[in-house]
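Q: In this note's numbering, the protein residues as written are 20 to 80. Glycine included, every Cβ here is placed at the ideal spot set by N, Cα and C. Quantities reported herein were computed from a predicted structural model and do not represent experimental measurements.
Below, the structure is given as structure tokens:
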């Protein structure tokens, strides 16, 4: 996968994210409106996380 595509997708995920209260902490969530192969790679690399069945992901630090 082209690194530029992954980086731009991660940037778009961040720019379109919102902060959500998750109990003791707050998380940045974003909709999964991007190619699943890119989302899968970002998930494997630890940049995002979330259920495969959910319509949104959250950003990790």
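In whole angstroms, what is the alpha-carbon distance linking residue 70 and residue 79?
A: What you label residue 70 is simply residue 51 of the chain shown in a count that begins at 1. What you label residue 79 is simply residue 60 of the chain shown in a count that begins at 1. So the two alpha carbons sit approximately 14 Å from each other.
Q: Kindly identify the DSSP beta-bridge partner or partners of residue 39.
A: Here residue 39 corresponds to residue number 20 of the chain shown, with the count starting at 1. The partner list for residue 39 (beta bridge, DSSP) reads 46.
Q: Excluding the 5 residues preceding and the 5 following residue 75 in the sequence, name in chain order all residues of the same chain whose CB lies nearer than 8 Å to its CB.
A: Start at 1 with the first residue of the chain shown, and residue 75 comes out as number 56. Hits under 8 Å: 48, 49, 50, 51 and 69.
Q: Compute the Euclidean distance between the alpha carbons of residue 24 and residue 41, then round it to the nearest angstrom.
A: The sequence position of residue 24 within the chain shown is 5, counting from 1. The sequence position of residue 41 within the chain shown is 22, counting from 1. Distance between the alpha carbons of residue 24 and residue 41 is about 29 Å.
Q: Tell me the DSSP secondary structure of residue 68 in three-state form.
A: As a first step, residue 68 must be located in the chain shown, where it is residue number 49. Note: residue 68 maps to strand in three-state DSSP.
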